[in-house]
Each structure stands twice: as structure tokens, then as C-alpha cells.
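Per our numbering, residue 9 is the first one in the sequence shown, and the count goes up by one each step.
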Amino acid sequence: MLPIERRRRILELLSKNGTITVAELVEKFDVGEATIRRDLRYLEKNYGVVVTYGGAHLPHYGMLQEFPLTQKTLINTEQKNLIAKKAAALVQEGDSIALNAGSTVELILDYLPKLTALTVVTLSLNVAVRAAKIPYVNLVLPGGVFRRTSYEFCGSHAEHFLSTLSVDKAFIGASAVSLEKGVTHPVLEEVPLNRLMMEIAREKYLVVDSSKFGRVAFGQFARLEEFTGFIVDDDFPADMRAYAAAHDIKVI
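Right, dumping it as C-alpha cells:
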């Protein structure tokens with residue numbers, strides 16, 4: 009296995025479990041301890057992983073913190089592409105859609121059906137760059153103050169502009185979803201923007217892989233019952249599935 013792939017899988021394990029030991033990684037990947045420690049030092053330098061004598065953990069695991077988008081794009085890539093493909097299948101000719109910033113949401117544009125007209129509203133620079141390459145897309149990019157960690161525009165200008173719009177569908181990615189707290193986000197200044205994307209949409213879809221469930225971040229921006237559907241992977245938790253059935257929410 010190449011080092012880049014092994015490091016990607018270590019990030020996935022940390023994203024799922026929060027912490028891991030050197031011994032566990034040595035056994036899992038069948039490599040020496042020195043190799044694992046080099047991998048962990050690389051992840052510490054480039055992705056903010058906290059390295060200890062016996063292993064590594066994500067910073068402040070428990071209450072979810074923000075992680076750079078460059079880190080998120082390496083994690084659970086197979087599930088994210090599957091989810092993005094299912095989300096894209098819901099987009100219809102002439103739709104207007106809102107896409108928030110997120111490593112899964114930005115992939116939706118890669119799987120769109122054959123269309124001739126589509127309006128995309130986003131605050132995400134990555135989404136905007138993808139959308140700008142699609143000839144039939146009418147791109148609406150409100151602008152604002154750019155945050156390099158999330159590659160998203162925020163601030164009062166962005167909030168005001170969003171509040172004047174209405175769209176057919178919103179596809180909302182999230183870092184943390186729980187039955188108790190709903191959908192939460194670690195960055196306070198981005199919470200109202202995610203909330204506005206919910207409010208301007210007729211249909212609202214939560215677009216998340218299974219690693220996001222059972223987590224809580226700092227600011228709530230949506231209640232679970234507000235969503236039209238949950239677009240998820242095969243490991244969607246049973247308690248969430250039961251909740252969706254009880255509240256007439258589609259599971260896609």
C-alpha cells in the first residue's frame with residue numbers, strides 16, 4: 009500500500025473513532041512502528057492530528073471541532089461519491105439548487121444528469137469552481153468574507169443576499185448530526201448561512217456519510233424534522249432510520 013493511501017485510511021479511522029494507537033495501526037496495516045510514526049508526523053504537520061507517544065487523536069474529540077476541507081476530502085471518499093450520485097439524481101431540468109460548503113456536497117456536480125438549464129446558489133468556492141465549468145449552469149455566488157479553512161464566503165453581505173432568494177432544493181452537508189441536537193456546525197459564523205440555505209429552499213436534503221451521526225458541534229442550524237430527505241450511505245444508523253420513518257422523512 010502506498011503511503012498516501014495508508015495515511016488517508018488512518019484519517020478515516022481517526023474521523024470515525026477519534027483516537028487510535030500505534031499498535032493498532034501496526035497490526036492493521038502490517039508495517040513497522042517507525043513507518044506508522046512517520047505517517048502520524050505527516051498527518052500532524054499537514055492535517056492537525058494530535059500525536060502522542062502511544063498513538064494519535066483528533067483535537068478536542070467529543071464536541072466536534074472544525075477540520076480543514078483539505079482533510080475532509082481524503083476521508084470516506086467511496087461513501088461520499090455514492091451519496092453525491094444519489095443526490096444528483098434528484099436534480100431536474102430547470103431546477104434552482106443551493107449547495108453549502110462540504111466535501112460531499114461539492115461532488116454532486118460531478119454526477120448531474122443530462123440537463124440544459126440549472127441554477128446553482130453557493131457560498132463555497134470549490135462548488136463555484138466546479139459549477140463554472142458546466143456550460144448550462146447559471147451560477148449565483150453571493151460573495152462575502154472568504155474563510156480559507158472551509159473555502160466558503162460568509163458575513164453579513166452573504167447573509168443578506170441569501171435571504172432574498174428562493175430555490176427548489178437545498179443539499180446540505182454537515183459535520184455533526186444527532187437525535188438530541190439535530191444538525192450542528194463547529195463554526196459559529198457559518199451557522200446562520202447554513203440556516204438561511206434551509207429557509208430559502210422548498211425541499212431540503214441532508215447529505216452526509218455515516219461517520220457524521222452521533223456527533224454534536226457548537227451551533228445548531230437545523231432540526232431533523234425539517235428535512236425532506238436524508239441522503240446517506242449503507243451504514244445509516246438504525247435509530248436515525250426509525251426517526252425518519254416516524255417523521256415521514258425519505259431515506260435515500
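For every residue, glycine included, the Cβ atom is placed at its ideal position computed from N, Cα and C.
Check	Outcome
Beta-carbon spacing of Ser183, Ala225 below 9 Å	yes
Assigned secondary structure, Val113 (DSSP; H/G/I helix, E/B strand, else coil)	helix
Euclidean distance between Cα positions of Leu19 and Val199	25 Å
Pick from Asn134, Glu234 and Asp47 that is closest to Lys189, judged by C-alpha positions	Glu234
CB of Ile91 within 9 Å of CB of Asp247, strictly	no
Range covered by the alpha helix (DSSP H) that runs through Gln87	Thr85 to Ala96
Cα-Cα separation, Ala252 to Val39	43 Å
Given Met206 as reference, the closest of His65, Pro245 and Leu107 once Cα atoms are compared	Leu107
Nearest-angstrom Cα separation, counted from Val215 out to Leu33	30 Å
Candidates Gly151, Val30 and Arg155: closest to Ala166 by CA position	Gly151
Residue range of the unbroken beta strand (DSSP E) whose run includes Asp176	Val175 to Ile180
CB of Ala109 within 9 Å of CB of Glu52, strictly	no
Pairwise C-alpha distance: Gly63 and Val148	45 Å
Phe229 to Phe179 span [Cα, whole Å]	14 Å
Beta-ladder partner(s) of Asn146, from DSSP	Thr127
Classification of Asp243 by the beta-carbon crowding that lies within 10 angstroms, buried from 16 upward	exposed
Coil, strand or helix - Ser218 by DSSP	helix
Pair within 9 Å by beta-carbon distance, Lys316 and Val58	Nothing in the structure corresponds to residue 316, since the chain is present only between 9 and 260.
Cβ pair Lys88, Leu123 closer than 9 Å	no
Runs of alpha helix (DSSP H) lying entirely within the segment 198–251, each at least 4 residues, in chain order	199–207
Simplified DSSP assignment, three categories, for Glu188	coil
Beta-carbon proximity list for Arg210, same chain, < 8 Å, skipping 5 on both sides	Ser174, Val175, Asp176 and Lys177
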